[in-house]
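In this note's numbering, the protein residues as written are 2 to 58. Written out below as structure tokens is the structure these notes cover.
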Amino acid sequence: MSRLPCHLESVLQALKPFKKRLEKIAVESTYNWYGLVDGLQDHGYPVVLANPAAMQQ
């Protein structure tokens, strides 16, 4: 997958083929995360916020 703009319709279109197989979607908590997370949750996606500084590789 490539980078996508933080635009709900673009993300929904890219995720559509994988919806049934997705267990969780991690979204980095940047300044504009809330609209994307709300929209994804409204469409039935399981979303968690991620803090990359606290993750191990």
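Positions of the beta carbon are idealized from the N, C-alpha and C atoms, including for glycine. Nothing here was measured: the structure is a model prediction, and the numbers come from that model.
- In the DSSP assignment, residue 50 falls within the unbroken beta strand (DSSP E) covering 48–51.
- In terms of Cβ geometry, residue 49 and residue 41 do not form a close pair [threshold 7 Å].
- Looking from the CA of residue 28, the closest CA among 20, 7, 18 and 22 belongs to 7.
- When the five nearest sequence neighbours on each side are left out, the beta carbons in the same chain lying within less than 6 Å of the beta carbon of residue 30 are those of 50, in order along the chain.
- DSSP places residue 10 within a helical segment (H, G or I) once states are collapsed to three.
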